[in-house]
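Novice:
2 protein chains.
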Amino acid sequence: MSGLHDPERLARVALGRLGEPGDPRLAALVVDLGAARVAEHLRSEQDVTGLATDVAARLRGLDPAGDLERAAREGIRFVCPGDEEWPPRLADLDHAAQLNGRGGAPLGLWVRGAGRLDALVDRAVSVVGSRSATTYGAGVAGEIAAELTTAGVTVVSGAAYGIDQAAHRGALAARGPTVAVLACGVDRAYPAAHRDLLRYVADTGLVVSELPPGSAPTKLRFLARNRIIAGISLGTVVVEAAVRSGALNTANWASLVNRPVMGVPGPVTSAPSEGVHELIRTRDASLVTRAADVLELVSPAGSHTSAPRRAPEHPRDRLSETERQVLDGVPVATGAESASIARTAGLSARRTAEALVRLRAAGFVESSATGWRLVAEGDTAAAGPRIPGQTRPRP
Amino acid sequence: MSGLHDPERLARVALGRLGEPGDPRLAALVVDLGAARVAEHLRSEQDVTGLATDVAARLRGLDPAGDLERAAREGIRFVCPGDEEWPPRLADLDHAAQLNGRGGAPLGLWVRGAGRLDALVDRAVSVVGSRSATTYGAGVAGEIAAELTTAGVTVVSGAAYGIDQAAHRGALAARGPTVAVLACGVDRAYPAAHRDLLRYVADTGLVVSELPPGSAPTKLRFLARNRIIAGISLGTVVVEAAVRSGALNTANWASLVNRPVMGVPGPVTSAPSEGVHELIRTRDASLVTRAADVLELVSPAGSHTSAPRRAPEHPRDRLSETERQVLDGVPVATGAESASIARTAGLSARRTAEALVRLRAAGFVESSATGWRLVAEGDTAAAGPRIPGQTRPRP
């Protein structure tokens, strides 16, 4: 199905002009009968489903071939099932619609830009979040997006203010393509301030929408758009989201199509992180702190395992088992005799005394008037006694 | 077993002077035979277990009755199994030792302060974390501790710098008792700067240790102390913890005794939150953001259900379903005719026109040269169009 005037393609363009995106009844009919037959039925006024009866007249007034030609002149093409470029993953939105009566795959996607859709989203992760992002959230979103891009993963987002913008910018900064899914026609810039951002996105990646060129954004269309962001990517990362946030809607869609939902935590005192914490606490979203965590969750099992966080090597790590036992027996504040340390360490007096001498040479212990004690120039990270090589927190 | 010279009590005091706390072999023997018989065996040099052979001589040199009397003169008492004040929950440490070969219940606890141990820890939660706490972490720890205290839950911690200190202070600020579990004798102050804090804790709550008065802290004793913090409370909250942190050791002990482990998230850019995020990400710790979340996890099922976070009421919430449908069909930027909005909303022209008039009166939409459009004075929190009543984020 490569011709611009293929009947199925024309029917999809036409049906896309009839109603609002994300109508599960229409999507299900198209899956069952094909777009051309659905359009034919509607055109002949056989009301197959209870879709509005003035549909036939409106269908007859449409010019899908003209739509495609006008779009082509603006560098916009319509990608639909049957095209090599169509991402097969979107079919999961039809399965979700069958199970939940919500959503459905888009009839097709209008795309603008240099990228090829199927290749771009073959390994793609959506990074979304609050428009009222903090500098913290925007910074983390940009960083994760850049790291994902460097790892060869395409970042998908919605080109909104805040987190979306930071995610696209992070991907672009890492010299990678990124995909922006809009709630209006791909020939429009919403928000208008992101006209340049969308041009940069199109230069190497794609600007995508299921709405025909010229369409204006509405709240319904934002919600429908969110299902495409979730459905086209391997998983969804929510960076900051207030309790009432469109990003949580995207996370819901990701759950509906059984894709990992991931959340980046933030301060519990920060309102834009509340929604993310709720997602992790009550909706089983996975906590992620960096791109490696994301890759682990969206990759086939075992192919990306996030290395556990390691503390920097500790001077203690270089000690022998005996030396460590003795060191653990040395009091923190006042000194102790070698015999008392030996008892605490459970070692003989001779081995203890030898180890103490080595520990003194290495700067771990010192002998004082009251006996051996730890050198008090440092502090472990938390509930242990002071150990050299780390700074001591103030009381 | 209330007498100061009860043989079992004296044996526990004596055995407590023999080795280091948290020896699972000794704990298991005491569970099986009772402290008095274990002490008798050891005293008669029957080496029942491979405990060191010089033990008999040392046991004979001890003066447990004198220890108790000297302690009593300083206002310190020894609480052990059989006493009404003994918290039965600590027996789980023996079960954990049987399964894992680590830990074991303490032989007894030396306590100092006005509180009664069993009553204080009947509903207790430990709040622990990094000594190198940030102001964020200390603030959250103090807040959660104060809220738990207000809810009638005793906060248990380790009196260390940072999170521990903030937790005790939060509890004291809420005019509640709190319990400090030390890695040294309860007559000592470690860190020395917390001498006043420990006095305040003892005024209404308790300072507790399994080590006899006079004992100095060592690293081993900090680790053994952590098992008591975990074992004596219903659950453990970790507020900030670097990757190598004693607080994570406490969390491990809590897991071993099957108590909820909870973590307070923070910025992913903050090193002291890294250990907490790892705990949530890889160890199934529960993310908590406030005391209500903690209460939900440590209370019998259903008795405390954390109310979901709610956004402040939205002007939209007061609209009728029809008005909302129409509003959702009004374009964000350029205007649209009533007929076009009716089509988008799926409503009749008349009902749409009526709703538009009401929406204009309520300040949601305005009519412009190009038709109806949303009033552009506000913005929803995230990926929706602008709605009155909220400030708009800057691009």
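The listed protein sequences derive, respectively, from chains A and B. Residues in the first sequence are numbered consecutively from 1013, following this note's numbering. Residues in the second sequence are numbered consecutively from 1013, following this note's numbering. Glycine residues also receive a C-beta, built at the ideal position from the N, C-alpha and C atoms.
Less than 7 Å between CB atoms is the rule here; does arginine 1293(A) satisfy it with respect to chain B?
Specialist: Mapped onto the first sequence, residue 1293(A) falls at position 281. It does; some Cβ of chain B falls within 7 Å.
Novice: Mark leucine 1071(A) as exposed unless 16 or more other C-beta atoms lie within 10 angstroms of its C-beta, in which case mark it buried.
Specialist: Walking along the first sequence from the start, residue 1071(A) turns up at place 59. With 16 or more other Cβ atoms within 10 Å, it is buried.
Novice: Can you list, in chain order, the stretches of the alpha helix (DSSP H) that have 4 or more residues and sit fully within the stretch 1113-1193 of chain A?
Specialist: 1129-1134, 1147-1162, 1175-1185
Novice: Should leucine 1299(B) be flagged as near chain A, meaning a C-beta pair shorter than 7 Å?
Specialist: Position 287 of the second sequence, counted from the first residue, corresponds to residue 1299(B). By this cut-off, leucine 1299(B) is an interface position.
Novice: Kindly list, in the order they appear in chain A, the residues whose Cβ is closer than 7 Å to that of glutamate 1032(B).
Specialist: Start at 1 with the first residue of the second sequence, and residue 1032(B) comes out as number 20. Residues of chain A passing the Cβ test: Thr1356.
Novice: Alpha carbon to alpha carbon, what distance is there between arginine 1089(A) and threonine 1248(B)?
Specialist: Walking along the second sequence from the start, residue 1248(B) turns up at place 236. Walking along the first sequence from the start, residue 1089(A) turns up at place 77. Their backbone Cα atoms lie some 57 Å apart in a straight line.
Novice: Kindly indicate which three-state DSSP category serine 1056(A) falls into: helix, strand or coil?
Specialist: Within the first sequence, residue 1056(A) is the residue found at index 44, counting from 1. Residue state, collapsed to three classes: coil.
Novice: Who are the neighbours of threonine 1364(B) on chain A, taking C-beta pairs under 8 Å?
Specialist: Reading the second sequence from its first residue, position 352 is the one you call residue 1364(B). None at all; the shortest Cβ gap to chain A is about 13 Å.
Novice: Quick one: does the C-beta of arginine 1355(B) sit closer than 6 Å to a heavy atom of the ligand ZN?
Specialist: The ligand content of the structure shown is nil, which means the ligand ZN is not present either.
Novice: Going by DSSP, which residues form a beta bridge with threonine 1248(A)?
Specialist: The residue labelled residue 1248(A) in the question sits at position 236 within the first sequence. Bridge partners of threonine 1248(A): Ser1138(A), Val1273(A).
Novice: Going by Cα to Cα distance, which pick from Asp1079(A), Arg1328(A), Glu1032(A) is closest to valine 1067(A)?
Specialist: Translated into positions along the first sequence, residue 1067(A) becomes position 55. The shortest C-alpha separation from valine 1067(A) is found at Glu1032(A).
Novice: Going by DSSP in three states, tryptophan 1265(B) sits in which element: helix, strand or coil?
Specialist: For the purposes of this step, residue 1265(B) is taken as residue 253 along the second sequence, with counting starting at 1. In this structure, tryptophan 1265(B) counts as helix in the three-state DSSP scheme.
Novice: For glycine 1367(B) versus glutamate 1335(B), is the C-beta distance shorter than 7 Å?
Specialist: The residue given as residue 1367(B) occupies position 355 in the second sequence. The residue given as residue 1335(B) occupies position 323 in the second sequence. Correcting the residue identity first, residue 1367(B) is alanine in this sequence and not glycine. Yes, the Cβ-Cβ distance between alanine 1367(B) and glutamate 1335(B) is below 7 Å.
Novice: Tell me whether glycine 1341(B) sits in a helix, a strand or coil according to DSSP, three-state version.
Specialist: Position 329 of the second sequence, counted from the start, is the residue given in the question as residue 1341(B). The answer is helix: DSSP assigns glycine 1341(B) an H, G or I state.
Novice: Inspect the CB distances between the stretch 1254-1266 of chain A and the stretch 1187-1207 of chain A and report whether three or more fall short of 8 Å.
Specialist: no
Novice: Taking only three categories from DSSP, how would you classify alanine 1297(A)?
Specialist: Reading the first sequence from its first residue, position 285 is the one you call residue 1297(A). Of the three classes helix, strand and coil, the one that applies to alanine 1297(A) here is coil, per DSSP.
Novice: Determine whether the beta carbon atoms of proline 1224(A) and glycine 1028(A) lie at a separation below 7 Å.
Specialist: For the purposes of this step, residue 1224(A) is taken as residue 212 along the first sequence, with counting starting at 1. For the purposes of this step, residue 1028(A) is taken as residue 16 along the first sequence, with counting starting at 1. The answer is yes: Cβ separation under 7 Å.
Novice: Between tryptophan 1384(B) and alanine 1348(B), is the Cβ-Cβ spacing less than 7 Å?
Specialist: Reading the second sequence from its first residue, position 372 is the one you call residue 1384(B). Reading the second sequence from its first residue, position 336 is the one you call residue 1348(B). Contact: yes.
Novice: Beta strand (DSSP E) containing glycine 1028(A): first to last residue?
Specialist: Working through the first sequence from its first residue, we reach residue 1028(A) at position 16. First-last for glycine 1028(A): 1019-1028, but that is the alpha helix (DSSP H), not the beta strand (DSSP E).
Novice: Roughly how many angstroms lie between the CA atoms of alanine 1259(B) and phenylalanine 1234(B), to the nearest whole one?
Specialist: Numbered from its first residue, the second sequence carries residue 1259(B) at position 247. Numbered from its first residue, the second sequence carries residue 1234(B) at position 222. Looking at the two C-alpha atoms, the distance is approximately 10 Å.
Novice: Is valine 1168(A) near serine 1245(A), with beta carbons less than 7 Å apart?
Specialist: Here residue 1168(A) refers to the residue found at position 156 of the first sequence. Here residue 1245(A) refers to the residue found at position 233 of the first sequence. The answer is yes: Cβ separation under 7 Å.
Novice: Helix or strand or just coil, what does DSSP make of phenylalanine 1090(B)?
Specialist: Within the second sequence, the letter at position 78 stands for residue 1090(B). Of the three classes helix, strand and coil, the one that applies to phenylalanine 1090(B) here is strand, per DSSP.
Novice: Measuring alpha carbon to alpha carbon, tell me which of Gly1341(A), Leu1132(A), Thr1346(A) ends up nearest threonine 1458(A).
Specialist: For chain A, the structure presents residues 1013 to 1407; residue 1458(A) sits outside this window and is missing.
Novice: Relative to the alpha-carbon of leucine 1132(A), which residue among Arg1049(A), Val1387(A), Gly1174(A), Thr1216(A) has its alpha-carbon at the smallest distance?
Specialist: On the first sequence, position 120 is the one that residue 1132(A) refers to. The option with the nearest alpha carbon to leucine 1132(A) is Thr1216(A).
Novice: Work out the CA separation of alanine 1145(B) and proline 1036(B) for me, nearest whole Å.
Specialist: Counting from one through the second sequence, the residue named residue 1036(B) turns up at place 24. Counting from one through the second sequence, the residue named residue 1145(B) turns up at place 133. Proline 1036(B) and alanine 1145(B): Cα-Cα distance of roughly 32 Å.
Novice: Quick one: what does DSSP say valine 1255(A) is sitting in, helix, strand or coil?
Specialist: As a working note, residue 1255(A) is residue 243 in the first sequence. Three-state result, valine 1255(A): coil.
Novice: For threonine 1290(A) and valine 1255(A), what's the separation of their Cα atoms in angstroms?
Specialist: Here residue 1290(A) refers to the residue found at position 278 when the first sequence is read from its first residue. Here residue 1255(A) refers to the residue found at position 243 when the first sequence is read from its first residue. For the sequence presented, residue 1290(A) should be read as glutamate rather than threonine. The alpha-carbon atoms of glutamate 1290(A) and valine 1255(A) are separated by roughly 8 Å.
Novice: Starting from leucine 1209(B) and walking both ways along the alpha helix (DSSP H), at which residues does that stretch end?
Specialist: One-based indexing of the second sequence puts residue 1209(B) at position 197. 1207-1216 is the span of the alpha helix (DSSP H), which, as asked, contains leucine 1209(B).
Novice: What first and last residue would you give for the beta strand (DSSP E) that runs through valine 1310(A)?
Specialist: For the purposes of this step, residue 1310(A) is identified with residue 298 of the first sequence, where counting begins at 1. No beta strand (DSSP E) contains valine 1310(A), which is instead part of the alpha helix (DSSP H) from 1303-1310.
Novice: Alpha carbon to alpha carbon, how far is leucine 1386(B) from glutamate 1252(A)? Give it in angstroms, no decimals.
Specialist: Position 240 of the first sequence, counting from 1, holds the residue named residue 1252(A). Position 374 of the second sequence, counting from 1, holds the residue named residue 1386(B). Going from the Cα of glutamate 1252(A) to the Cα of leucine 1386(B) covers about 26 Å.
Novice: Buried or exposed: where does aspartate 1079(B) fall if 16 or more other Cβ atoms within 10 Å of its Cβ makes it buried?
Specialist: Indexing the second sequence from 1 puts residue 1079(B) at position 67. Aspartate 1079(B) is buried by the Cβ-count criterion.
Novice: Let me see if you follow: with CB-CB separation under 7 Å, is proline 1405(A) close to chain B or not?
Specialist: In the first sequence, residue 1405(A) corresponds to position 393, counting from 1. Note that proline 1405(A) has pLDDT 38, beneath the 50 cutoff, so the model's placement of it is unreliable and no number is given.
Novice: With 16 other CB atoms within 10 Å as the buried threshold, where does proline 1312(B) fall?
Specialist: Taking the second sequence and counting its residues from 1, the one referred to as residue 1312(B) is at position 300. Exposed, by the Cβ-count rule.
Novice: First and last residue of the alpha helix (DSSP H) that includes leucine 1386(B)?
Specialist: Start at 1 with the first residue of the second sequence, and residue 1386(B) comes out as number 374. Not the alpha helix (DSSP H): leucine 1386(B) falls in the beta strand (DSSP E), residues 1383-1386.
Novice: Can you find at least 3 beta carbon pairs, one from the stretch 1204-1220 of chain B and one from the stretch 1094-1105 of chain B, that sit closer than 8 Å?
Specialist: no
Novice: Give the single residue among Ala1354(B), Leu1339(B), Thr1364(B) whose Cα lies nearest to the Cα of phenylalanine 1376(B).
Specialist: Residue 1376(B) sits at position 364 when you count from the first residue of the second sequence. Checking every option, the nearest Cα to that of phenylalanine 1376(B) belongs to Leu1339(B).
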